[in-house]
Amino acid sequence: MRKSTLILGASLIFAIAACGGNTAQTTNTSNTSADRWDTVKSRGQIICGVSGEVPGFSFVGTDGKYSGIDVDVCRAVAAAVFDNPDAVEFRNLNAKERFTALQTGEVDILSRNTTWTLSRATSVGLEFAPVVFYDGQAIMVRKNSNIKSLTDLKDKAICVQTGTTTEQNLADQMRKRGITYKPVVFEDVNVTFATYAEGRCEAVTADRSALVSRRTTLPKPEDNVILDEVISSEPLAPAVAKGNGKWRDTLTWVVYSLIKAEELGINSQNVAQLATSNDPDVKRLLGTEGNLGEGLGLTNDFAAKAIKHVGNYGEIYDRNLGPKTALNLPRGQNQQWTKGGLLYSPPFR
Amino acid sequence: MTNTKPPFWRDDRFWRITGQLIAVFLALAIVAMLWGNLNRNLQQLGIQFGFGFLNQQASFDIGETPIAYQPTDSYSRALWVGLINSLRIAILGIIFTTIIGVIAGIGRLSDNWLVRNIMAVYVEVFRNTPLLLQLLFWYFAVFLSFPKIDNKITLGGFVSLSQNGIETLWFNLSPEFAALLLGLTFYTGAFIAEIVRGGIGSVPKGQWEAARSLGLKPSSIMRLIILPQALRVIIPPLTSQYLNLTKNSSLAIAIGYPDIYFVASTTFNQTGKAVEVMLVLILTYLTLSLTISLIMNLFNRRVQIRER
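Protein chains in written order, with the numbering used here: chain S, 12 to 360; chain X, 19 to 326.
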């Protein structure tokens with residue numbers, strides 16, 4: 012009785028180990044040879060990592076639908092690859108798990124208002140696509156607190172969310188000015204802003220766009236003011252995992268096509284009739300001339316599909332952060348280079 | 019006599035040894051496979067496994083620093099700060115929760131109707147609600163509803179309560195520290211109360227009767243006769259509760275207290291070194307827990323009553 016259970020147990024463990032070995036082998040071969048591009052194409056759907064809690068960038072509405080700039084970027088890629096903007100599955104990720112989710116392949120694209128930094132592009136193993144939003148870190152205080160600049164925050168408590176560039180930037184700027192302060196750091200963004208609203212902290216700091224969007228959720232938004240002082244530059248860009256050059260190219264050029272479309276005056280309304288325009292730049296972007304799509308493994312009209320379903324950069328911006336929304340962020344640096352902003356697409360040639 | 023030796027595969031000892039060798043070999047093989055898989059995947063992403071990042075500059079600030087700390091210090095120094103913060107909570111928490119647990123446990127057996135029922139309500143409420151909710155409640159509903167520092171409440175002239183925490187003549191406690199300490203203390207105290215009650219109940223009724231017939235006061239009975247015998251039963255589960263308190267202190271990140279888990283989280287997020295940071299955290303909590311277990315086991319051996 013003892014011997015047979017022992018043999019049975021040993022063979023069971025052996026079988027499990029053998030299965031584990033097989034899957035390790037297959038993942039290994041697929042990792043070294045297959046680009047994420049092939050995985051996505053065969054799946055027929057993109058898995059997009061977003062936040063889901065930042066209005067204007069990625070937010071889940073009461074009807075369960077996702078909206079925001081980061082969300083629209085993923086939908087544009089889905090439209091370009093599959094001609095279906097809804098061939099996307101969104102996953103909510105918090106600030107701590109977002110990089111691990113991308114590194115392990117749980118999501119294909121990380122479109123989660125993530126700042127492009129050197130260390131993230133190297134030691135964290137991310138490859139960034141073009142910047143979709145030029146942001147900056149700022150501080151929000153109460154109007155009646157008479158705090159006008161960073162120096163007024165000496166020895167005060169500042170609420171901040173953990174695990175973001177925000178913590179480091181704040182420490183750097185205060186160190187530069189030689190100001191001591193008390194950071195009160197939380198894991199959850201909701202707890203961070205709730206604690207500020209309760210009055211525990213005199214100030215709360217985050218990206219300017221996040222402050223504007225969260226201010227709308229405070230009990231008395233008009234009692235809070237965002238200081239003009241810019242603490243850091245935060246270029247927000249989507250990213251893919253390192254080692255997937257083809258997939259990164261796809262994401263990069265879909266984003267550039269949205270920017271280029273606005274520069275050339277193409278939007279979702281006129282994209283169909285502009286396919287037959289006389290302008291060679293327009294024709295090449297929309298695929299009626301040349302074969303730019305082949306180099307990416309897509310059809311030549313991939314940009315036209317993206318613009319038709321989701322719109323050009325200007326339309327995406329207006330839909331999520333424009334004057335008709337609660338956020339109403341002026342475009343500022345997020346304007347075409349022809350109008351003095353920082354958005355510049357390389358040529359589609 | 020010479021040909022009665024059985025073949026080796028009929029020998030029990032052979033199978034016992036072989037079975038163990040096979041199990042060890044399989045365990046090592048599985049670990050090696052997982053390790054190889056991890057290394058391959060990390061290489062694919064261009065990330066190096068190594069603990070060198072501990073010497074890099076931390077660049078982030080920590081809210082409570084019992085030892086001197088600057089953002090220019092290394093990650094390892096930041097982790098030390100976090101560890102000391104965790105130890106503060108663990109040690110104070112264990113002391114206070116024992117006091118509260120023993121009082122509540124004895125209180126539940128009291129002859130006084132009011133005391134008995136108040137303690138029963140305390141135990142049932144605090145045992146049956148999630149710890150995270152309790153921590154948030156302590157933080158938001160209690161400590162953050164104190165007035166701001168300008169109109170603080172003063173008790174007895176040497177303790178003042180405000181949104182900046184509890185200030186006494188000797189020390190200052192931030193609201194995050196106080197909320198975490200009280201939350202953990204009362205939560206674990208409810209469990210310890212039940213353990214104490216069970217331990218006291220395990221003492222034979224004859225002991226009570228003999229003690230009363232000797233004419234001892236109730237407090238002397240408890241102190242000299244009952245508790246020493248009850249300790250035998252109380253200490254092992256009590257050790258578990260101490261370990262629970264130590265590990266539950268990692269919820270500090272939810273209410274802004276910078277313990278080791280919080281500092282490790284920030285480190286992990288800024289360096290992207292998931293596996294190394296998790297290893298550091300596991301080793302830290304393991305060391306803390308094993309130390310507590312060791313101390314409690316020594317204590318246990320000392321108080322064990324030897325039956326004659």
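Virtual Cβ for every residue (Gly too), placed ideally from N, Cα, C.
- Message: I'd like to know whether the C-beta of F70 (chain S) is nearer than 9 Å to at least one C-beta of chain X.
- Response: no
- Return no unless some Cβ of chain S is closer than 9 Å to the Cβ of I35 (chain X). no
- Task: Compute the Euclidean distance between the alpha carbons of K265 (chain X) and K257 (chain S), then round it to the nearest angstrom.
- Result: 44 Å
- Item | K166 (chain X): contacting residues in chain S (beta-carbon distance under 8 Å) | G210
- Query: With respect to the alpha helix (DSSP H) encompassing E142 (chain X), which residues constitute its N-terminal and C-terminal limits?
  - Reply: 131 to 145
- Message: If contact is defined by three or more beta carbon pairs under 8 Å, each pair taking one atom from either stretch, is the segment 139 to 159 of chain S in contact with the segment 213 to 224 of chain S?
- Response: yes
- Query: Which of the residues in the segment 138 to 150 of chain S, read from start to end, lie with their CB under 7 Å from any CB of chain X?
  - Reply: none
- Query: S104 (chain X): which of X:F286, X:I271, X:D29, X:T284 sits nearest, CA to CA?
  - Reply: X:I271
- Query: Are the beta-carbon atoms belonging to I107 (chain X) and S267 (chain X) less than 9 Å from one another?
  - Reply: yes
- Message: Which residues of the segment 100 to 128 of chain S have a Cβ closer than 7 Å to any Cβ of chain X? Give them in chain order.
- Response: A106, K107, F110, T111, Q114
- Message: Helix, strand or coil for I85 (chain X)? Go by DSSP, reduced to three states.
- Response: coil
- Query: Is F139 (chain S) helix, strand or coil when you go by DSSP?
  - Reply: strand
- For G123 (chain X) versus I218 (chain X), is the C-beta distance shorter than 9 Å? yes
- Item | Cut-off 6 Å between Cβ atoms - residues of its own chain near L312 (chain X), not counting five sequence neighbours on either side | none
- Message: I want to verify the contact list: residues of chain X whose CB lies under 9 Å from the CB of G60 (chain S), in sequence order.
- Response: Here the premise fails: no neighbours, minimum Cβ distance about 15 Å.
- Query: What residue does the alpha helix (DSSP H) around P291 (chain S) start on, and which one ends it?
  - Reply: 291 to 297
- Task: Starting from the beta carbon of D183 (chain S), find every residue of chain X whose beta carbon is closer than 7 Å, and list them in chain order.
- Result: S77
- Query: Can the beta-carbon of V88 (chain S) be found less than 9 Å from the beta-carbon of I58 (chain S)?
  - Reply: no
- Item | the segment 89 to 105 of chain X: positions lying closer than 8 Å to chain S by Cβ | P89, T90
- Does I171 (chain X) have its Cβ less than 9 Å from a Cβ in chain S? no
- Message: Just to confirm before moving on: does the CB-CB distance between S279 (chain S) and P141 (chain S) stay below 9 Å?
- Response: no
- Query: For the segment 115 to 131 of chain S against the segment 246 to 255 of chain S, are there 3 or more C-beta pairs whose distance is under 8 Å?
  - Reply: yes
- Message: Give me the DSSP bridge partner(s) of I58 (chain S).
- Response: S:E100
- Who are the Cβ neighbours of V251 (chain X) in its own chain at under 8 Å, not counting the five residues just before and after it? G216, G217, S220
- Task: Name the two residues that bound the continuous beta strand (DSSP E) containing Y145 (chain S).
- Result: 144 to 153
- With distances taken from CA atoms, which of S:N311, S:V282, S:N281 is nearest R9 (chain S)? Since the displayed chain S opens at 12 and closes at 360, residue 9 (chain S) lies outside it and no answer follows.
- Got a sec: is the Cβ-Cβ distance from Q225 (chain X) to anything in chain A below 9 Å? Looking for chain A here will not work: the only protein chains present are S and X.
- Message: Could you check whether the Cβ of A292 (chain X) sits closer than 9 Å to any Cβ belonging to chain S?
- Response: yes
- Message: Going by DSSP, what residue range makes up the alpha helix (DSSP H) through A45 (chain X)?
- Response: 30 to 63
- With a 10 Å radius around its C-beta and 16 neighbouring C-beta atoms as the bar for buried, classify L256 (chain X) as buried or exposed. buried
- By the criterion of Cβ-Cβ separation under 8 Å, what are the contact partners of G111 (chain X) in chain S? Under the 8 Å cutoff, chain S gives no residues; its nearest Cβ is about 20 Å from G111 (chain X).
- Between Y192 (chain S) and K165 (chain S), is the Cβ-Cβ spacing less than 9 Å? yes
- Query: Whose CA, out of X:I243, X:I213, X:V214, lies closest to the CA of E227 (chain X)?
  - Reply: X:I243
- Task: For F280 (chain X), decide whether its Cβ has a neighbour in chain S, counting only Cβ atoms nearer than 9 Å.
- Result: yes
- Query: Fully enclosed by the segment 156 to 180 of chain S, which beta strand (DSSP E) runs are 3 residues long or longer?
  - Reply: 168 to 172
- Query: What in chain S is Cβ-close to L63 (chain X), meaning under 8 Å?
  - Reply: Q114, G136, A252, K253, G254
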